[in-house]
């Protein structure tokens with residue numbers, strides 16, 4: 001008996017020894033435990049996408065257990081009275097059933113949909129962070145390209161998922177997708193016929209989209225996400241410039257336990273927010289849409305928000321059709337430009353951007369330190385320009401809802417979008433470049449003269465001057481010696497320099513008593529603060 | 001009834017002309033032509049629409065008399081005497097029927113406050129009894145569609161299919177403008193299809209029957225009274241009830257546009273604040 | 001153990017019994033080229049009041065999480081969830097699940113986060129990146145090794161092998177790809193009446209005999225019942241389908257048609273414009289005050305069915321193309337380029353609407369070959 005007890009206590013040791021004998025795990029494992037990660041809130045935005053992808057996989061698996069990707073016509077006989085007896089496809093019927101006949105099924109469906117929206121939204125936010133801080137520069141160009149591909153794949157995953165329930169809205173989306181395929185010169189009709197198995201809608205498309213949505217696209221997504229994370233791991237995370245931080249090191253905290261705990265906690269928070277939204281906000285009420293019928297449509301028919309920019313561009317496109325007058329005559333419909341050429345350009349241009357920028361700046365070095373947006377006004381301008389373009393296009397994708405709710409003419413909305421799409425991006429470029437330059441200048445000013453204290457001093461000659469607190473040493477005349485800009489935040493307020501008393505901890509009452517202010521017995525009152533010397 | 005016979009009108013026109021003797025000669029030809037035209041119009045009108053004149057002699061019912069009094073104070077400016085209509089201001093009301101009045105006056109769209117692309121819904125100016133009087137008056141002026149007697153909503157206990165049938169009809173005929181969720185939608189150049197959330201059964205029925213403003217008419221041969229009632233049943237039981245099994249907030253049932261807004265305003269915002277807290281210095 | 005690249009500081013003997021565990025961890029960090037700059041507790045001394053408070057708060061969050069998750073389970077099992085018409089308890093099933101699970105997860109998340117943030121010691125570590133590329137020697141060796149692989153195979157020296165591989169492997173590659181592509185290919189122009197150019201109103205859809213007998217396809221409602229002219233009131237519109245088997249289903253997704261009964265003056269204008277039609281395709285297509293246009297938008301294929309009976313416009317809800325009914329349904333706004341095709345209308349001997357012939361223009365969204 002005693003011997004057995006000994007064994008139990010020794011078990012982990014024995015086990016670890018056994019593992020290392022076989023896999024030589026000790027050294028790499030230590031490296032993993034010790035890996036240092038930098039800490040900044042903006043580095044967590046990509047994690048939102050990663051965690052919502054995990055939620056997508058979990059909830060998606062649940063949904064597949066009940067979904068029937070068939071377009072066979074069946075009469076509905078479920079508990080949703082307002083559709084009972086209606087003929088519909090088995091796909092739509094099973095979507096209704098998993099919403100109404102499966103315990104908690106509607107909750108899972110809504111979680112899946114909200115997680116999808118969060119996935120795409122966080123990719124956009126993460127991408128903006130990476131862009132504006134220059135994190136895509138060498139050696140991380142490939143990871144930037146993978147990121148853009150992830151958005152593109154998410155776009156298609158989302159669209160196929162939107163189509164699967166085969167409700168009125170998803171059928172309308174499919175119809176437009178088929179029309180977009182038809183606009184392709186030469187191969188359009190052949191492509192549409194190949195994908196739909198003949199004339200739209202046919203009876204195959206849901207089955208085909210299903211396998212794409214649950215196997216092909218998630219498989220590629222998973223592989224790309226693994227590569228994305230693997231590259232981040234291998235190349236080590238970028239960091240902001242600052243004290244101790246150089247291009248050759250990473251300053252932060254070790255992966256275990258703090259960093260890993262933060263990641264785990266954040267995963268729970270992301271999961272929690274998705275669950276909360278899935279319970280609070282109804283999403284995609286397919287039971288109101290009815291089964292897809294080619295003759296039925298609803299006002300305010302829109303794709304999910306991450307496809308809306310494309311729909312918006314299609315709405316804004318003028319009706320310019322190209323006729324090619326030979327043979328029987330051929331044509332390129334206007335939708336070809338925004339939906340095929342536009343979409344292609346919107347994905348290939350960002351992919352090429354890291355190389356374009358490096359080429360323009362003749363910059364071949366590796367960068368591990370981020371750049372504050374203001375330090376590269378050109379890039380911020382381009383980013384804001386693209387973002388403005390995206391936002392105008394996205395809003396135009398919902399311009400009928402905006403027109404209706406804010407009592408604006410629909411035609412005026414279209415024209416506003418057309419003009420806005422041309423005028424606002426350059427305007428955004430100009431304004432953001434100016435703002436960046438202004439911020440840069442202010443940084444330099446503070447470094448040269450010190451922080452404005454808000455104290456106005458009258459000189460003997462009657463002149464009023466504001467007293468500045470120098471950030472560094474002063475010369476013999478009390479003038480600050482100008483400091484070099486280090487690429488990091490310049491303190492611009494006195495309380496950043498510790499001019500205010502430290503905050504007292506505790507919400508309702510102080511947790512610990514603040515340290516007594518030392519009282520000088522000679523004066524009998526608090527020690528006066530040292531007079532701030534003029535920085536001028 | 002102060003009837004406005006062609007003869008009197010003629011007299012008035014003539015006497016007005018006299019007020020400007022210097023122009024009288026120049027305009028004599030025009031006046032003569034006008035007299036001839038009016039005489040011809042009157043004659044043709046008499047020949048082809050004896051009913052309209054017959055009504056002059058037929059006494060209006062008591063309710064309609066009340067309605068006429070209201071009409072002559074509130075409606076006559078745009079719709080003219082006896083609902084004949086005024087060119088450029090208001091259409092003729094001959095033949096629009098009481099259903100039309102029930103809808104337009106009952107929802108406050110009429111009387112209009114000003115000429116605009118589309119009459120806006122507003123708190124009704126007339127109460128139910130007055131609306132009924134006006135409706136009766138317009139009905140007696142020139143006939144037209146009337147609301148049927150009896151309940152306009154099907155009882156789904158006795159007729160359980162009505163709801164689903166109504167839903168199908170709603171999606172074929174109504175959603176294209178009013179939306180799947182009945183929230184309304186934009187039409188061209190500032191016009192719009194209104195939301196259906198606070199429409200009564202009578203108003204819904206009257207709207208289908210008469211096609212107010214830009215809404216198409218759904219006559220009884222196209223959508224039978226039973227079918228109209230089924231549609232009303234669907235609207236009232238399914239859309240007007242705030243029955244949203246998917247959550248406390250239905251985001252207006254606008255679909256992806258408000259959902260996209262929610263994910264940024266709620267989801268991303270919450271999580272960005274969380275990440276700010278996580279990485280913030282304590 | 002072997003010395004690690006770039007390791008700084010003095011190595012210590014990890015078997016020294018005087019070393020604390022933290023000393024050994026630091027030795028590991030040294031070997032991984034990591035230096036801990038600061039590592040200090042967030043609290044003044046052990047068991048300080050502040051620490052106790054933080055521990056209390058974190059424990060409370062953990063308990064709260066358990067409570068909410070338990071509530072989730074209870075709601076999941078006990079709460080009535082089956083959908084019923086009218087306001088019922090089941091309306092709150094999904095919200096309750098979401099709120100309880102969401103708050104449970106958030107409490108757990110914030111418990112872990114607070115633990116990491118408030119309880120663990122402050123730490124600042126620096127790791128060297130070692131992002132420099134491989135040395136020139138290494139690169140040379142790897143490059144030569146790869147070239148040597150080529151030498152070993154000797155394909156360069158053996159041209160016969162090269163040709164044989166090309167001729168032998170290429171067909172295999174094609175054979176793998178062919179079924180993937182070939183199986184999907186469908187010729188959209190193969191039928192006698194190609195699908196892209198024919199709708200359900202083509203007489204051939206009635207069957208060969210009926211077509212030969214000169215029968216025409218009726219316009220029907222969704223339930224298949226035929227339509228007489230007086231079924232549609234003036235200022236009204238009706239969605240109609242071809243009166244053939246499955247005519248109202250998605251098998252004939254291009255066939256839905258909007259039958260409009262215009263008011264007399266609008267009808268006169270429409271007729272005048274249809275008769276003056278430039279390519280003559282709309283000539284004689286109206287019947288009385290009735291006109292029928294394809295419901296399928298020429299832009300992206302959505303039903304362009306928002307009929308404004310006073311302004312006589314048809315609006316497509318997907319991309320806001322607007323078509324003027326009185327002028328051959330020409331697009332007057334939005335991205336659509338082509339007008340909506342007009343269905344030639346007439347009435348059969350029983351007084352029901354029939355299509356005099358199929359659409360003369362191609363129905364549906366534009367494509368390359370469309371003349």
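Residue numbers (this note's numbering), protein chains in the order written: chain S, 1 to 536; chain W, 1 to 282; chain C, 1 to 371. Here a beta-carbon is modelled for each residue, glycine too, at the ideal position from N, C-alpha and C. Bear in mind that the values here come from a model prediction, so they are computed numbers and not experimental data.
Own chain, CB closer than 6 Å to residue i, minus 5 neighbours either side, in chain order
i, result
"residue 87/S", "73 and 75"
"residue 260/C", "237 and 291"
"residue 170/W", "231 and 234"
"residue 332/C", "322 and 324"
"residue 69/C", "104"
Chain W residues whose Cβ lies nearer than 8 Å to that of residue i
i, result
"residue 86/S", "164, 167 and 168"
"residue 234/C", "217"
"residue 40/S", "279"
Close Cβ partners of residue i (< 7 Å) along its chain, the five nearest in sequence each way excluded
i, result
"residue 4/W", "For residue 4/W, the predicted model reports a pLDDT of 47, less than 50, meaning its position is unreliable; a value from the coordinates is still stated below. Same-chain partners within the cutoff: 81."
"residue 276/W", "none"
"residue 149/S", "224"
"residue 90/C", "80, 81, 82, 83 and 84"
Close beta carbons around residue i, own chain, < 8 Å, minus the five adjacent residues each side
i, result
"residue 260/S", "none"
"residue 264/W", "none"
"residue 232/S", "143"
"residue 191/C", "198"
"residue 1/S", "Only weak support exists for where residue 1/S lies, its pLDDT of 48 falling under 50; the value from the coordinates is given anyway. Contacts found: none."
Contacts of residue i in chain W (Cβ-Cβ under 7 Å)
i, result
"residue 544/S", "With chain S represented from 1 up to 536, any question about residue 544/S goes unanswered, as that position is not in the structure."
Beta carbon of residue i nearer than 8 Å to that of residue j
i, j, result
"residue 136/W", "residue 67/W", "yes"
"residue 392/S", "residue 343/S", "no"
"residue 374/C", "residue 265/S", "For chain C, the structure presents residues 1 to 371; residue 374/C sits outside this window and is missing."
"residue 248/W", "residue 95/C", "yes"
"residue 314/S", "residue 319/C", "yes"
"residue 175/S", "residue 300/C", "yes"
"residue 336/C", "residue 302/C", "no"
"residue 184/W", "residue 192/W", "yes"
According to DSSP, residues forming a beta bridge with residue i
i, result
"residue 87/S", "75/S"
"residue 219/C", "242/C"
"residue 468/S", "452/S"
"residue 474/S", "480/S"
"residue 292/C", "259/C"
Proximal chain W residues relative to residue i, where beta-carbon distance stays under 9 Å
i, result
"residue 222/C", "168, 169 and 172"
Proximal residues of chain C, C-beta to C-beta of residue i below 8 Å
i, result
"residue 271/W", "Going along chain C, no residue has its Cβ under 8 Å from residue 271/W, so there is no contact; the nearest lies around 11 Å."
"residue 185/W", "306 and 317"
Interface residues of chain C facing residue i [CB-CB closer than 9 Å]
i, result
"residue 250/W", "Those do not exist, as residue 250/W stays about 11 Å from chain C at its closest Cβ, beyond 9 Å."
"residue 335/S", "299, 300, 319, 335, 365 and 366"
Chain S residues whose Cβ lies nearer than 8 Å to that of residue i
i, result
"residue 153/W", "The contacting residues do not exist; residue 153/W stays about 14 Å from chain S at best."
Interface residues of chain S facing residue i [CB-CB closer than 9 Å]
i, result
"residue 78/W", "Residues of chain S passing the Cβ test: none, with the nearest at roughly 23 Å."
(message) With three or more beta-carbon pairs closer than 8 Å as the criterion, would you say the region 46-62 of chain S touches the region 109-126 of chain S?
(response) yes
(request) Evaluate contact between the region 52-68 of chain S and the region 131-149 of chain S, counting only Cβ atoms and requiring at least three cross-stretch pairs below 8 Å. (result) Of all C-beta pairs linking the region 52-68 of chain S to the region 131-149 of chain S, fewer than three are shorter than 8 Å, placing the two stretches out of contact.
(message) Assess contact between the region 233-243 of chain W and the region 165-174 of chain W, defined as three or more Cβ pairs (one per stretch) separated by less than 8 Å. Is contact present?
(response) yes
(request) Give a yes or no on contact between the region 363-380 of chain S and the region 280-288 of chain C, applying the rule of three or more CB pairs nearer than 8 Å. (result) no
(message) Contact between the region 321-335 of chain S and the region 202-209 of chain S is defined here as three or more beta-carbon pairs at a separation below 8 Å; is this criterion met?
(response) Contact between the region 321-335 of chain S and the region 202-209 of chain S is absent: fewer than 3 CB-CB pairs across the two stretches fall below 8 Å.
(request) Kindly confirm or deny that the region 83-99 of chain S and the region 164-174 of chain S touch, where touching means at least three C-beta pairs closer than 8 Å. (result) yes
(request) Taking 8 Å as the threshold, find out whether the region 397-417 of chain S comes into contact with the region 371-382 of chain S through three or more Cβ pairs. (result) The region 397-417 of chain S is not in contact with the region 371-382 of chain S.
(message) Quick test of the definition: if touching needs 3 or more C-beta pairs under 8 Å, does the region 103-117 of chain S touch the region 269-287 of chain S?
(response) yes
(message) Is it the case that the region 283-290 of chain S contacts the region 252-264 of chain W, given that we only count it when at least three CB pairs across the two stretches are under 8 Å?
(response) yes
(message) Counting beta carbon pairs with one atom in the region 200-217 of chain W and one in the region 96-106 of chain W, are three or more of them shorter than 8 Å?
(response) yes
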